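Number of protein chains: 2
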Amino acid sequence: MKKFSVLFSAAVIATGLCMAQSPEVKEDFKPSTKNQPGQQYPMVNSQGYARFRISAPQAQAVSVSLGHGGVRGGTDLVKDEAGVWTGTTSAPLDEGFHYYHLNIDGGTFNDPGTNNYYGSTRWESGIEIPAHDAAFYEERDVPHGFVQQILFWSESTNSLRRAFVYTPPTYYSDKAKVRYPVLYLQHGWGEDETAWMTQGHANLIMDNLIAEGKIQPFIIVCTYGMTNEGFRPGRPGGNRFGGVEAFQKVLCDELVPYVDAHFRTLANKDNRAMAGLSMGGMETHSITMARPEMFGYYGLLSGGQYNPTEIKDKNQVKKIFMSCGSKERPDGINTATRAMKEAGYDVMGYVSEGTAHEFLTWRRSLYQMALFFWGK
Amino acid sequence: MKKFSVLFSAAVIATGLCMAQSPEVKEDFKPSTKNQPGQQYPMVNSQGYARFRISAPQAQAVSVSLGHGGVRGGTDLVKDEAGVWTGTTSAPLDEGFHYYHLNIDGGTFNDPGTNNYYGSTRWESGIEIPAHDAAFYEERDVPHGFVQQILFWSESTNSLRRAFVYTPPTYYSDKAKVRYPVLYLQHGWGEDETAWMTQGHANLIMDNLIAEGKIQPFIIVCTYGMTNEGFRPGRPGGNRFGGVEAFQKVLCDELVPYVDAHFRTLANKDNRAMAGLSMGGMETHSITMARPEMFGYYGLLSGGQYNPTEIKDKNQVKKIFMSCGSKERPDGINTATRAMKEAGYDVMGYVSEGTAHEFLTWRRSLYQMALFFWGK
Numbered sequence: 284m285k286k287f288s289v290l291f292s293a294a295v296i297a298t299g300l301c302m303a304q305s306p307e308v309k310e311d312f313k314p315s316t317k318n319q320p321g322q323q324y325p326m327v328n329s330q331g332y333a334r335f336r337i338s339a340p341q342a343q344a345v346s347v348s349l350g351h352g353g354v355r356g357g358t359d360l361v362k363d364e365a366g367v368w369t370g371t372t373s374a375p376l377d378e379g380f381h382y383y384h385l386n387i388d389g390g391t392f393n394d395p396g397t398n399n400y401y402g403s404t405r406w407e408s409g410i411e412i413p414a415h416d417a418a419f420y421e422e423r424d425v426p427h428g429f430v431q432q433i434l435f436w437s438e439s440t441n442s443l444r445r446a447f448v449y450t451p452p453t454y455y456s457d458k459a460k461v462r463y464p465v466l467y468l469q470h471g472w473g474e475d476e477t478a479w480m481t482q483g484h485a486n487l488i489m490d491n492l493i494a495e496g497k498i499q500p501f502i503i504v505c506t507y508g509m510t511n512e513g514f515r516p517g518r519p520g521g522n523r524f525g526g527v528e529a530f531q532k533v534l535c536d537e538l539v540p541y542v543d544a545h546f547r548t549l550a551n552k553d554n555r556a557m558a559g560l561s562m563g564g565m566e567t568h569s570i571t572m573a574r575p576e577m578f579g580y581y582g583l584l585s586g587g588q589y590n591p592t593e594i595k596d597k598n599q600v601k602k603i604f605m606s607c608g609s610k611e612r613p614d615g616i617n618t619a620t621r622a623m624k625e626a627g628y629d630v631m632g633y634v635s636e637g638t639a640h641e642f643l644t645w646r647r648s649l650y651q652m653a654l655f656f657w658g659k
Numbered sequence: 284m285k286k287f288s289v290l291f292s293a294a295v296i297a298t299g300l301c302m303a304q305s306p307e308v309k310e311d312f313k314p315s316t317k318n319q320p321g322q323q324y325p326m327v328n329s330q331g332y333a334r335f336r337i338s339a340p341q342a343q344a345v346s347v348s349l350g351h352g353g354v355r356g357g358t359d360l361v362k363d364e365a366g367v368w369t370g371t372t373s374a375p376l377d378e379g380f381h382y383y384h385l386n387i388d389g390g391t392f393n394d395p396g397t398n399n400y401y402g403s404t405r406w407e408s409g410i411e412i413p414a415h416d417a418a419f420y421e422e423r424d425v426p427h428g429f430v431q432q433i434l435f436w437s438e439s440t441n442s443l444r445r446a447f448v449y450t451p452p453t454y455y456s457d458k459a460k461v462r463y464p465v466l467y468l469q470h471g472w473g474e475d476e477t478a479w480m481t482q483g484h485a486n487l488i489m490d491n492l493i494a495e496g497k498i499q500p501f502i503i504v505c506t507y508g509m510t511n512e513g514f515r516p517g518r519p520g521g522n523r524f525g526g527v528e529a530f531q532k533v534l535c536d537e538l539v540p541y542v543d544a545h546f547r548t549l550a551n552k553d554n555r556a557m558a559g560l561s562m563g564g565m566e567t568h569s570i571t572m573a574r575p576e577m578f579g580y581y582g583l584l585s586g587g588q589y590n591p592t593e594i595k596d597k598n599q600v601k602k603i604f605m606s607c608g609s610k611e612r613p614d615g616i617n618t619a620t621r622a623m624k625e626a627g628y629d630v631m632g633y634v635s636e637g638t639a640h641e642f643l644t645w646r647r648s649l650y651q652m653a654l655f656f657w658g659k
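Chains as they are written, first to last, in our numbering: chain A, 284 to 659; chain B, 284 to 659.
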């Protein structure tokens, strides 16, 4: 059936009768906002269909790996007389950001049309299906905080390591030299410390929340959660997960003291949060349990749940946030939230409507978590 | 001749008699330091040969665009039985950083083995041939400055624009709240504001110079010099050069005031420099002449020369730095330096030995320029 529809598409494109893959696809495609400068493709239409276009005249087969939403198994592209391969997804994609790559003649390559995003332990292509609620991370003419790349020497791993630190717009301008709470925010498996400030738009989410007066400004710190290697990507083996104990040491005993020494933080557990998405949630879970003196706020974003029996001292934690997409397992979040509330914890459970294990879930989760932890 | 050697290479690889392309190539290849985490290829040997390996079993032709040093016209790769394409450059490459891409069946793609670097108006692959003098930008256990991403609203272009700001290690720790000189440092054509802090290693060059006590610490600011578009790469047409007048307005009337308002700068022309590489040198040349009240220090890195007749008032400039690689046109730099010295200017000319119009020339130039402008 799929073979047939590909052949059919090839035929209609070749004869120039119709550009659309099916009658109901609206021809209002626009370049994805994640494209490289000046690149028209990939494109996205108002229904969430994506259209890809790749020039490779002598190639035998070109396909797009992206299989999300209603699209199963990716999209095969079809070549025209000029050697340009084109294809439209068979169904709309979920709103939000998706990683993908190309398969060209059996090899894995990126789409030269898009920027690159670190996911699946490699720099991948990325496409954005505009979300109906995207306003909370849009670029506005409001005061913008800085995102700082800091390099800190880690004794335990004998390496120079990198973190990104978001400071609120008020950080450098306020004369009172106010100190700020800090959220340590971790990426997922296969991603790195660039994820939250790039595809996550964490800085824009914060800028807009602060501009609207909805939260007390706070600092966000993102570092690399796979600890066996330093920040330099060229080190072979740099994407293996070194175990949570090694990362726990870097985070609690090296990065937190470094940040407290170099930024105007409220340097105590009552003003320090840890949260993470997916594998970063697993790390958050382990580290907050193993080092109860470090963090007062815990957040798991598509990264498991807490249960009342595992927390030794109820007073060790001020607030707990747990979330996932509605296309993940929201029952787990809802059940755990109920149990934690009944046990007397200050808990928020959040389910992102219509999203899966992807960044729109986590952008929305960060927004909700910021309001819950330090809302006004 | 080239065809013959390709066929010959194919023959020797296919018969498994010899992995090297020529007898004198040393088999001490190591992964390039610019590779993605865990990626073995591309590799570089101690002589400066590069070896590429790409998996694309059904491809008809795979080649590498990189033509630098003694390598003309790139490198054709040859397929083995497993569908893996391999090839070694026909000669050593120049020391330093090189952009490149793959040609696969007539299409342009990046090497999935390397990180991506913005050059030629697209994210390209990059490879590093270790320089014999690389110590000046190596990663050391010394105090490290921060690299800050700042977003500023530009009225003249009606866009949110991005810059990266390097602050010295002492910036946040010193109690005396010292103010610092600022260097506005521009990228070349087809590059963007990421270039100097990524492939340029400007932050590491500064960290090491400061740790050795060789320079007075200063701030570096890098922004996008193609002014018609904001910082969001997805905007179509974003890589056209909008003309120096538009950029001059953003730089002098929007970015400089923003930086002076948000950082502890010495906010006057006697402590403000502008420099750029290639097209950034052309911009520096135009802007320093058009706006003599803005900058006291001028630097052209592979970006032309000043001549005494074009400067209206000799007192408008404190110091001038001009440089290029020995494989560019060093005569131009030497002649202009002599003429400017004879006319009474405080000038330094610098020629980077053995390098062309590439980033090792500019890393070395930044090092020399920092010593010349604000050396101790």
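The beta carbon of each residue, even a glycine, is placed where N, CA and C say it ideally should be.
A quick note: this is a predicted structure, and the numbers were derived from the prediction, not measured.
- Not a single C-beta of chain A is nearer than 8 Å to the C-beta of T567/B.
- DSSP, read as helix, strand or coil, puts A459/B in coil.
- For T592/A, the number of other beta carbons within 10 angstroms of its own is below 16, and it is reported as exposed.
- Around the beta-carbon of S561/B, 16 or more other beta-carbon atoms lie within 10 Å, marking it buried.
- Any Cβ of chain B closer than 8 Å to the Cβ of F429/A would place that residue at the interface, and such an atom is present.
- Of the residues assessed, S373/A falls on the buried side of the cut-off, its CB having 16 or more other CB atoms within 10 angstroms.
- Close partners of D424/A in chain B (Cβ separation under 7 Å): W436.
- In chain B, no part has a C-beta under 9 Å from the C-beta of G409/A; the shortest such distance is about 10 Å.
- The alpha-carbon of Y580/A is positioned some 8 Å away from that of N554/A.
- For L443/B, the chain A residues whose Cβ falls inside 9 Å of its Cβ are E422, R423, D424, H427, in order along the chain.
- Around the Cβ of R647/B, a 10 Å sphere holds 16 or more other Cβ atoms; the residue is buried.
- When the five nearest sequence neighbours on each side are left out, the beta carbons in the same chain lying within less than 6 Å of the beta carbon of Y507/A are those of D475, E476, in order along the chain.
- Annotation: Cβ neighbours of Q343/A in chain B (cutoff 8 Å, chain order): Q341, A342, Q343, D388.
- In the three-state reduction of the DSSP assignment, A485/B falls in the helix class.
- In the displayed model, R336/B falls within a strand according to three-state DSSP.
- A distance below 8 Å separates the beta carbons of G409/A and Q482/A.
- Per DSSP, reduced to three states, the secondary structure at E407/B is strand.
- Contact between R547/A and K460/A holds, with the beta-carbon distance rounding to 6 Å and staying under 8 Å.
- Within the DSSP secondary-structure output, M631/B pairs in a beta bridge with F604/B.
- Boundaries of the beta strand (DSSP E) harbouring L434/A: 429 to 437, taken from the DSSP string.
- Inter-residue distance for A344/A and G356/A is about 15 Å (C-alpha atoms, whole angstroms).
- In the three-state reduction of the DSSP assignment, R621/A falls in the helix class.
- Under the Cβ criterion of 8 Å, N399/B is counted among the residues facing chain A.
- Residue pairing by DSSP puts D359/A in a beta bridge opposite S346/A.
- The three-state reading of DSSP puts L443/A in strand, counting E and B together.
- In terms of CA proximity to L466/B, G559/B leads the group T618/B, G559/B, A417/B, M326/B.
- The beta carbon of W406/A falls within 8 Å of a beta carbon belonging to chain B, placing the residue at that interface.
- If you draw a straight line from the Cα of M652/A to the Cα of P464/A, it comes to about 14 Å.
- Segment contact: the stretch 566 to 581 of chain A against the stretch 589 to 605 of chain A, three or more CB-CB distances shorter than 8 Å; contact assigned.
- Taking CB atoms only, H470/B has no neighbour in chain A less than 8 Å away.
- For L643/A, no beta strand (DSSP E) segment is defined; the enclosing uninterrupted segment is the alpha helix (DSSP H) at 642 to 657.
- For Y382/B, the nearest beta carbon of chain A is not closer than 8 Å to its own beta carbon.
- Excluding residues up to 5 positions away in sequence, M605, G615, I616, A619 lie with their Cβ nearer than 7 Å to the Cβ of Q588/A in the same chain.
- With a threshold of 8 Å between beta carbons, N393/A makes contact with chain B.
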